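Enquirer: Chains A and B supply the protein sequences, listed in that same order.
Numbering of the first sequence is given in my numbering, commencing with residue -15 and proceeding in unit increments.
Numbering of the second sequence is given in my numbering, commencing with residue 101 and proceeding in unit increments.
We treat Cβ as the ideally placed atom computed from N, Cα and C, and that holds for glycine.
Keep in mind it's a predicted model, so treat the numbers as computed, not measured.
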Amino acid sequence: MDSSRRSFLKKTGAGIALFTVAPRTAFGKMGGDNNYIAPSDQLTRGVIGVGGIGNSSSHFVSDQNCRLVALCDVDSEHLSKTLKRAKDTFGETPKSYTDWRDLVHDPDIDIVHIATPPHWHGIMACEAANAGKDIFCEKPMTRTIGEGKRVREAVKRNGSIFRLNTWFRFKDTFYGLGTTVQPLKKLVQSGLLGWPLTVRISGATGFAWKFFWTGKENLIPEPVPSCLDYDMWLGPAPFKPYNRHRTHGTFRGYWDYDGGGLGDMGQHYIDPVQYFLGKDDDFPVRVEIDAPQQHPDAIGIWRNITYTYADGCKIILEGEGFESSGKVPYIEGPLGKVYKGFECTIPYVMDVINELPDPEPTNTDFLECVRTRRKFSLNEDNGYHSATIVNMGVCALRLGRNLDFDPEKERFINDDAANLLIRQPMRGEWGKLLR
Amino acid sequence: MKKIITLILTVLTLTFSLQAQDARQRSVETIIGDVLAQMPAQNAATLESDMLDLVKAAPESIVKLAAMLQSAEKGANNRIEYALNGLTNYATKPGNQIWKTAVKEGLEQAIAACDNPVNKQFLESQLRLLGKPRGRMFDAPFDLQALANRARQLSAGDEVDRCKALYLTNIAYGAVPEKTLLKAVTDPSRRVRTTALRRYAPATEEFAAKVAKRFKKLSNEGKVDVLNWLGDNKIASQLPLILGQVGAAKELGAAAIEAAGKIGGNEAAEALIAQLGGDNAPAALNALKSFPGQLGNKIAAALNSAADTQLDNLVTLAGAKKMSGSADKVFELAAQGNESALKALSGVVKPTHISRLATLLDQAKASEVADYTRALSAALKTLAPAEQYTTVRKIISGASNKARFYPVLALSGTDEAVNDLVAAAREGSAEAVKALGKTGNYKAAPALLDAARKGNADALKDYIRFVDNFEKDVDRKCDAFANALAISQDPAVQSNVLAKLANTPTAKAFAVAGSYIDKPEIAIPAAEAAKKIAAKCVDDLDAGTKKDILNKAIQAFQARGMADDGYAVDEIKKMLSEMKDVSPIFTLSDEEKKAGFEMLFDGSNLDKWTGNKDGYRITNNEIYVTAGYGNGGNLYTEKQYRDFVFRFEFSFVRPGANNGVGVRTPHGVDAAYDGMCEVQVLDHNDPIYAGWLKDYQVHGSVYGVIPAKRITHKPLGEWNCEEIRVQGDHVTVTVNGEVILDGDIREACQGHNVAPDGGKVNPYTVDHRNHPGMFNETGYIGFLGHGPGVKFRNVRVLDLTPVKKAKRR
């Protein structure tokens, strides 16, 4: 019987209430230190995947609000380097794991941070939810529509808190637009631009699709480096001989693991659009593509991807090198247009916007959400929707054709092959964890 | 039995392969070869016709294609993979079902014949796509009773189990029974309570009423959960319960306030406004900012009867939400020195307040000037610019603190305002310089640059912003940013400039950005700029320089090592791997050697040239032109020539690029007029020339004298060959093997290179201008810069001038 602290708390549900009911500020006042947080109130976090984003400075944090207690990677060099960095930075060495399942089932961990390539996200998120953990998942949420659906279900089933990590819907200047999303949301909601709206995500409006993340065909097999557990790196992905270009940063160029620039940046760019169009509970009904033929393994470039909602709203993605020329609006409606830098055809638009009520507040402090069990601003529901938009585009590109989508059934219409891409087979026994 | 099947298969295959002889009588092998040559198809139409060819020959075509797959070590499968995947996609396309059987059969045969596991897996993945999607996520036939039993067991478990119990109950009964839900809402675990409310509770008035009955018994934390749920679902019927808690302390009060703010309505508004004075004021202010509906009248009314503690928040809200109905009260409070009111003024004023604000600003205490200026600007801004200007001029003439009005004078952005401010700046007014930065009129830029050079850091920032916003010419913009980088040593300013420089993707900008990577504080912005410029540079970059700078950029990104830096390194490595080959070093052909040609530029040096070797720089063994027009920036041969054959290759890099070959010209003059002539070099089909370019200006023309035949050049970046032959008065121009001009220059103007009457208009030349140098006996050959974006290589000349004559000179 595991008798560690977490396990004890978990097994006695009332215990949590007893500990957390005392507000942290109360402890603070007693201790004379306003920032003091009782150890029982401190959250703990374990990170799976410490190569790229998992090792980035914005995520490499450990403080009294949330301690970094465990790291996991299948590349022993990445792992040992990051363990050392943690020791140097935070003064304590986190536990280390090479099998992520051990981290997920570690009773000392509250939050599982998934920072692996996308082909793992679905399985890991489901398993973490089933272990009662809360989840911080990097974008894109999942690599297939079906996996997204499973994650959503697992999070619901276990009462977990899920955060998908992109943030432009609630903070920061939105790439080339030079504005946060909030005033766009207010303007769109006000109806001043009319309806339906067309949103153009393009180099011409300030967004880069990072076409340098294309894959290479004819990869020559190479010996697997001794530091890498390639079988565990691949996990659910089909076995293909190792070549360094498949792994680490360049994995983004292969359909087995991601979706190129569209997969990697798509949710960053599209999620805020879904938010300000008020489509968090909706899906496009059609995706149209203009692209050269795609290779079945290595992802190539594309010229244009256009999504259409049932009410006529459109999201247009323009590939790098295939942007509309001249000055094109980011948002275009029958009554007005918004350009880069919030230039707008409506006079004194900022005055107009200021008069409008701010958008309804959402919960943007993930740790606070974990404590109060409130849904995070970008969660398993709206995150699943924006991930699905990206994955619809991926399906259309892979099949080289336009697709119709049924938002009720969450399936493509009259296209068996496209529906087969919604749920893809997984290697070995991994698919069993997707539940 | 097996034999028979094989036999049938063979027969089938034969039948198909007989049919597979397509309309063009091609064999399957030929069809495969033709299609593979097209892979990957660049557009849908090509793909469609390729795949139709292949699918008509299926299954044989598939079996044969698959048999061509080699082991991955050979690295040669890509086209075959494109073709097979293309076939799968074709056969699964709605409407193409008739092909499905043949493709499936082909894949099955291919899989049976394949002994390479990797290729086999690929073929199987294709076969899978031809199947039927099976099952939905939760359509397994559940034993509902078993689920309900399992749920009962779990409901006695830990908090996660209790959540699972709710989930299973929901499936077993189609909904969680009310009794179970109400129990969950009072569960000691917050996870269970919030899961029950968010996931399974009906957001109805009836259920909310039942929850409300139990509200009192809940812990504070449980109350917060319920309030959050009521607010998130906007259950207005429970507003009384919510409003009963808005005065509560800490989390409870904050939750009630948030919920009331989401639900809205008069009562909620009043309750929230009432909270603007106490401990809950920050939460109330936030809730009111997003409050659905109009608050103007309520805020105005509240302002008139507000307690002192509420005033600050009320006026702040009035200002933020542009409640002009509260203007008088805000003016009154501002006059009493209320700081919040001073700040809020700009939000509530209208043009009718202009003169009132002008007086207040003129007489304001120093600490109030900024707020009154903002307010006056807000009141003025809806007037037309000209009216703004005259209004402010009038104010200034009657004001005692004239400089205080410079910022609002700048607001109009008119040329007159700029002139007034430049004049004031010349007289030493720092306020005027500052105001120039607010004009948003590019005419203010020289004065700002002037001030920046004298050490005014704010003027420099304004200058940078102006250049960025208003300068349209990419080269001038780049020069301006290079200036700014040289003026300031402040890393923050330099980083900002480098980010903007990245949007002027020229060779010069690349070099400038590259030169700052060595400076540690700004290495990353410089590397970012270099990367961005290299990715979309409008000029050719010298391969050596490009590699050096990009490698330096990689080092800078690797040294920082954040997540996005990995992306940047990937991007640069891709650029480096895709660099084009440089031009070779040219030698004369045997025929040219025999004829006596001389190599003038073989790619290695400009030793046989004089003039602007900076604007005509050797780049990748080519002469890349960046020199502009009229700055004396031409490149001339060292020797002079009378009769000659001049051969070279040229390529346009920037669309619309313009240059020219000067013939028998002295240095430093306009060869088209003061030399014998200029043979035009111009990307004349660029849209910028559409509709106005004259015949005698198209490529190859003897400029202004003899029009050439209008040709279509090779695409940007590709090389064209040209020969210019000059003998006596005769000029022949040949481009890509085609003679496009062959004429006598003396005949063309009937001997009148200048107007017979000595005037400026010469009726004998097609451009009606004088060409005094036309009959020069000899002179240099030169490349005549008209801006960046054209390149030359393999330049050679044959001197036809009789040796004797040459010696005499």
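Note down, in chain order, each residue of its chain lying with its Cβ closer than 8 Å to the Cβ of L63 (chain A), except the 5 sequence neighbours on either side.
Expert: So the qualifying residues of the chain are V34, L55, C56, D57, S80, T82.
Enquirer: Secondary structure at Q278 (chain A), three-state DSSP: helix, strand or coil?
Expert: Coil, per DSSP.
Enquirer: I'd like to know if T416 (chain B) contacts chain A, where contact means its C-beta is closer than 7 Å to some C-beta of that chain.
Expert: No - not a single Cβ of chain A is within 7 Å of the one on T416 (chain B).
Enquirer: Note down the Cα distance separating H215 (chain B) from K359 (chain A), rounded to an integer number of angstroms.
Expert: Per the sequence shown, the amino acid found at residue 215 (chain B) is Asp instead of His. For D215 (chain B) and K359 (chain A), the distance between alpha carbons rounds to 52 Å.
Enquirer: In the segment 164 to 183 of chain A, which residues sit with their C-beta less than 9 Å from some C-beta in chain B, listed in chain order?
Expert: So the list is empty, because no residue satisfies the distance condition.
Enquirer: Does any residue of chain B bring its CB to less than 7 Å from the CB of E111 (chain A)?
Expert: So, not an interface residue.
Enquirer: Quick one: what does DSSP say W709 (chain B) is sitting in, helix, strand or coil?
Expert: The answer is strand: DSSP assigns W709 (chain B) an E or B state.
Enquirer: V449 (chain B) and A441 (chain B) look like a contact to me (Cβ under 8 Å); what is the Cβ gap, rounded to whole Å?
Expert: Rounded, the Cβ-Cβ distance is 12 Å, inconsistent with contact.
Enquirer: Could you check which residue in B:S337, B:G419, B:L650 has the C-alpha nearest to that of E671 (chain B)?
Expert: Closest option to E671 (chain B), Cα to Cα, is B:L650.
Enquirer: Could you give the C-beta distance for R504 (chain B) and D462 (chain B), rounded to a whole number, given that I count them as a contact under 8 Å?
Expert: Indeed, because the Cβ distance is near 7 Å, the residues count as touching under 8 Å.
Enquirer: Expressed to the nearest angstrom, what Euclidean distance is found between the alpha-carbon atoms of E61 (chain A) and V208 (chain A)?
Expert: Roughly 13 Å separates the two Cα atoms.
Enquirer: Can you tell me whether A402 (chain A) is buried or exposed? The criterion is at least 16 other CB atoms within 10 Å of its CB, across all chains shown.
Expert: So A402 (chain A) counts as buried.
Enquirer: Name the residue from A:D94, A:G30, A:H103 whose alpha carbon lies nearest to the alpha carbon of L67 (chain A).
Expert: Among A:D94, A:G30, A:H103, the Cα nearest to that of L67 (chain A) belongs to A:G30.
Enquirer: Would you say A532 (chain B) and A524 (chain B) are within 7 Å of each other, going by their C-beta atoms?
Expert: Yes.
Enquirer: In chain A, which residues lie less than 9 Å from E205 (chain B) when you measure between Cβ atoms?
Expert: Going along chain A, no residue has its Cβ under 9 Å from E205 (chain B), so there is no contact; the nearest lies around 17 Å.
Enquirer: Starting from Q658 (chain B), trace the alpha helix (DSSP H) both ways and give me its first and last residue.
Expert: Counting along the chain, the alpha helix (DSSP H) containing Q658 (chain B) begins and ends at 643 to 660.
Enquirer: Using the DSSP secondary-structure output, state which residues sit across from G30 (chain A) in a beta bridge.
Expert: G30 (chain A) pairs with A:A54, A:V96.
Enquirer: Between G30 (chain A) and chain D, is any beta-carbon pair separated by less than 7 Å?
Expert: The structure shown contains no chain D; its protein chains are A and B.
Enquirer: Look up I672 (chain B) in the DSSP assignment and say whether it is helix, strand or coil.
Expert: I672 (chain B): helix per DSSP, three-state reduction.
Enquirer: Distance cutoff 7 Å, beta carbons only. Does P222 (chain A) sit that close to anything in chain B?
Expert: P222 (chain A) counts as touching chain B.
Enquirer: For Q277 (chain A) versus L147 (chain B), is the C-beta distance shorter than 7 Å?
Expert: Taking 7 Å as the Cβ cut-off, Q277 (chain A) and L147 (chain B) qualify as a contacting pair.
Enquirer: Check whether chain A comes within 7 Å of Y182 (chain B), counting only Cβ atoms and requiring the distance to be less than that.
Expert: Closer than 7 Å: yes.
Enquirer: Short check: CB of G331 (chain B) to CB of A309 (chain B), under 7 Å?
Expert: No, they are not a contact pair.
Enquirer: May I have the straight-line CA-CA distance separating P288 (chain B) from E321 (chain B), to the nearest angstrom?
Expert: Looking at the two C-alpha atoms, the distance is approximately 10 Å.
Enquirer: Just to confirm, is the Cβ distance from E749 (chain B) to G760 (chain B) under 7 Å?
Expert: Cβ distance not < 7 Å, so E749 (chain B) and G760 (chain B) don't count as in contact.
Enquirer: Rounded to the nearest angstrom, what separates T72 (chain B) and F152 (chain A) at their Cα positions?
Expert: No answer is possible for residue 72 (chain B): the residues shown for chain B start at 101 and end at 909.
Enquirer: For A613 (chain B), which residues in chain A fall below 9 Å Cβ to Cβ?
Expert: Going along chain A, no residue has its Cβ under 9 Å from A613 (chain B), so there is no contact; the nearest lies around 18 Å.
Enquirer: So R141 (chain A) contacts chain B; which residues on that side make the cut at Cβ distance below 8 Å?
Expert: What R141 (chain A) touches in chain B: C263, K264, Y267.
Enquirer: At a Cβ cut of 9 Å, what residues of the segment 422 to 456 of chain B count as close to chain A, listed as they run along the chain?
Expert: Hits within the stretch, in order: K422, M423, G447.
Enquirer: Below 7 Å between beta carbons: does that hold for F420 (chain A) and I129 (chain A)?
Expert: In the structure as shown, chain A begins at -15 and stops at 419. Residue 420 (chain A) is therefore absent and cannot be evaluated.
Enquirer: When you compare only the Cα positions, how much space is there between L148 (chain A) and T346 (chain A)?
Expert: Their backbone Cα atoms lie some 14 Å apart in a straight line.
Enquirer: Going by C-alpha distance, which of B:A607, B:Q594, B:R293, B:D642 is nearest K619 (chain B)?
Expert: With distances taken between Cα atoms, K619 (chain B) lies closest to B:Q594.
Enquirer: Please return the same chain residues whose Cβ sits closer than 8 Å to the Cβ of T954 (chain B), not counting the five positions on each side in sequence.
Expert: The first residue shown for chain B is 101 and the last is 909, placing residue 954 (chain B) beyond what the model contains.
Enquirer: By a C-beta neighbour count over all protein chains shown, 10 Å radius and 16 as the cutoff for buried, is G353 (chain B) buried or exposed?
Expert: By the 10 Å Cβ count, G353 (chain B) comes out buried.
Enquirer: For K362 (chain B), count the other beta carbons within 10 Å of its own beta carbon; 16 or more makes it buried, fewer makes it exposed. Which is it?
Expert: Counting Cβ neighbours within 10 Å, K362 (chain B) comes out buried, since at least 16 surround it.
Enquirer: For the alpha helix (DSSP H) that K561 (chain B) lies in, which residues bound it at each end?
Expert: Per DSSP, K561 (chain B) belongs to the alpha helix (DSSP H) from 557 to 570.
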